[in-house]
Structures are given as structure tokens and as C-alpha cells.
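Counted the way this note's numbering counts, the sequence shown spans residues 608 to 897. So the structure is just underneath, and the comments pick up after that.
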Amino acid sequence: VHPSAYLDAFEEASKGSGGELGLRVPFGHGGYEQAALSTGLACRAVADVMAGRVRNAYALSRPPGHHCLPDWPNGFCLLANIAVAIEAARSQQPDLKVAVLDWDVHHGNGTEAIYIDDPAVLTLSIHQERNYPLDSGDADTRGVDKSNINIPLPPGAGHATYMQVMERIVQPALERFKPDLIVVACGYDAAAIDPLSRMFATAQTFSAMTAAIKASAAELCDGRLVLVHEGGYSEVYVPFCGHATISTLADSTIEAPDPFEETFAKRQPRGKFAKFLATYVDDLAAFHAP
Ligand SMILES: [Zn+2]
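Right, here's the structure in full:
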């Protein structure tokens, strides 16, 4: 995934006091080892699911990875965790077909760039339109054999829009592609009070999206599903969204009720804006249909 010149420069700077090799991703002494551990966790999660040691897995990895290009780190991402994990699995099983669903609020530009010419990896990204990066994530960037599906959403979209996207765009695309493994770039920054975005997903949204993708994995690839942690910047709300996601993934009965549920339910889009969003997703679904 990453050329050795990049890895060597990263490791060299990490041995000293750190540095900055791309955009908005400074690192300190030992940054290389930290990034490698994060990537290694994603690799282990994928390897354990592929070997059948666990049904599914959540890699609580830091730093994140979905913005990292092969030789240019950006957006807090130093190594492309998910892509490295996929390539490690493909080195064992070359004909593996993998779908990557990115529901971090920012465009998964790194994953897209790495797989744009590779029809064996389907990349889907649901993101706030023109948030980060500003110049990527348009729906018409479709990749070879339409294996890249961008779903840019207007600011303010909430629970209903995310569920409509899952049902109308994500699930049909997965059914067409028939993956052997599904990986989710799981950011929580589409949540209603995230400081880096303007979306209205809630803990319930993350739980429902997890249930939907888990159902797709059960139907299409014996349940093989790995969630890899990406962004999420609300210190008070990410824990509730994360708990909702992981408890749904693991069929846990341990409850952590979302104290914001009622407040955020009242603020979901309604009226003309809700109608606009529903039409917007219908149009995107038609665009991405075969
Ligand atoms: Zn993000």
C-alpha cells in the first residue's frame, strides 16, 4: 500500500523528534510505532475474522487511517489501516473480494485513491458534502467497473437519511458485488454534536446502521464483518455512539442509554427539508443503480 520511501521517511523522522510529512498530521517521537500498532490491530481483526476465530471484530485503532494516501498522510491519518489489513488478507487469499463502507462524516479519500482502479474492492463512502477533503467525494468519481460509490450528503441530514442511504444505496450495491468480507470505516463524527461536522446522526443511527451492515454480512459473507475506528470528536457523545455500535455488533445486553436521545430526536430534519433530503437520496440511488 505504502511505498518504502514514505515508510522510511516516516520511520526516520519518528526516531527523532517527529515531524510533518503531509497535511494536518504532525507526529512526535515514536509516531511511526504508534501508527504501525494501529494498523496492526486492523490487520489482526481482519485476520481473525477471515480465519473464523471470531465472527466479527471491532478494531479500536488510533491513529485513524481512511484519509491516508499511499505516500501522503493527511487528516490525522498516517497509515492506511484498512487498506493494509485488506492487502495482508489478500496476500493469503488473492481472489478475495472486499467491500469497504465508510460512514465517517469525512470522505474516505485515502481508501478511494488506493482502490479506484481495483474492481475486487468495492469502496462506499457516506459523507458530508465538501467537508474534508474539500476537493474530493463527488458522486461522479466512480472508479473502474463502478467500484467506487460516493454518497455526499447535505449538512443537517440525520437518522432517516442515513437509514435511507443504507437501504436504497448500500445494501443493493453489496448484494450486486457479493463480497467475501465487509469492512466498515467507523467514524462517529456524523453525530449530532460533533465539532467537525454538521450532521444529525444519533447513537440509535449508529446502532441501526450496524444492524443493517451485520444483516448484509450474514446474508452475503457468512457474517464476516470488521469495523475499524476512524474519526469522532465529541468527547461527551462518542462513547454513547460507540457503545451502541459495539453492543449491536456483539449482541451484548449491557445497556448504556443515550441521554441525548430525546433532545436529538426533536431536532431531526422535518417538513420541507426532510422531503428535500428524501428526494436527494432517491436521486443518488437512481444515479448509483446499475
Ligand atoms: Zn472524520
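C-beta atoms are modelled at their ideal positions from N, C-alpha and C, and glycine is treated no differently.
Counting only runs of 3+ residues, the beta strand (DSSP E) found wholly inside the region 666–740 occupies 705–709 and 728–735, in chain order.
Note on geometry: alpha-carbon atoms of Val712 and Ser841 lie some 13 Å from one another. Unbroken beta strand (DSSP E) stretches of 3 residues or longer found wholly inside the region 782–863: 788–793 and 832–836, given in chain order. A check of alpha carbon separations from Ser823 across Leu644, Ser854, Val751 and Met773 identifies Met773 as the nearest. Cβ-Cβ distances below 8 Å link Phe683 to Arg631, Val632, Pro670, Pro671, His674 and Gly838 in the same chain, with the five nearest sequence neighbours on each side left out; the list follows chain order.
For Ile689, the closest C-alpha among the options Lys879, Ala857 and Val653 is that of Val653.
Taking C-beta atoms under 8 Å as the contact rule, Leu729 and Glu782 fail to qualify, at a distance of about 11 Å. The C-beta separation of Val707 from Thr718 comes to about 6 Å, placing the pair in contact by the 8 Å criterion. Distances from the CA of Asp752 to each of Ala851, Cys848 and Asp725 were compared; the closest alpha carbon is that of Asp725. Residue environment analysis places Ser624 among the exposed positions, since fewer than 16 neighbouring C-beta atoms fall within 10 angstroms of its C-beta. Assignment of Gly750 by DSSP, reduced to helix, strand and coil, places it in the coil class. Within 10 angstroms of the beta-carbon of Asp858 lie fewer than 16 other beta-carbons, which makes it exposed. Of the candidates Trp679, Met816 and Ala808, Ala808 places its Cα closest to the Cα of Gly763. Collapsing the DSSP output to three states places Phe634 in a strand.
Counting only residues whose CB is nearer than 6 Å to a non-hydrogen atom of ligand 1, the list in chain order is Asp711, Val712, His713, Gly794, Asp796, Glu837 and Gly838. The region 734–753 makes no contact with the region 843–862: fewer than 3 CB pairs, one atom from each, lie closer than 8 Å. Secondary structure note for Leu884: its alpha helix (DSSP H) is the uninterrupted segment Gly878 to His895. CA-CA distance, Ala664 to Asp745, rounds to 30 Å.
Taking C-beta atoms as the reference points, Leu676 and Ala620 fail to come closer than 9 Å. Residue environment: Ser698 is assigned as exposed (fewer than 16 neighbouring CB atoms within 10 Å of its CB, all protein chains considered). Here Leu667 is exposed. Its C-beta has fewer than 16 other C-beta atoms within 10 Å.
Counting along the chain, Leu628 sits inside no beta strand (DSSP E), nor does DSSP assign it H or E at all. The residues Ala798, Ile800 and Phe867, in chain order, have a CB closer than 7 Å to that of Tyr844 in the same chain once the five nearest residues on each side in sequence are set aside.
Leu760 has Gln735 as its beta-bridge partners, per DSSP. The three-state secondary structure of Gly765, taken from DSSP, is strand. In the DSSP secondary-structure assignment, Ala664 is bridged to Val833.
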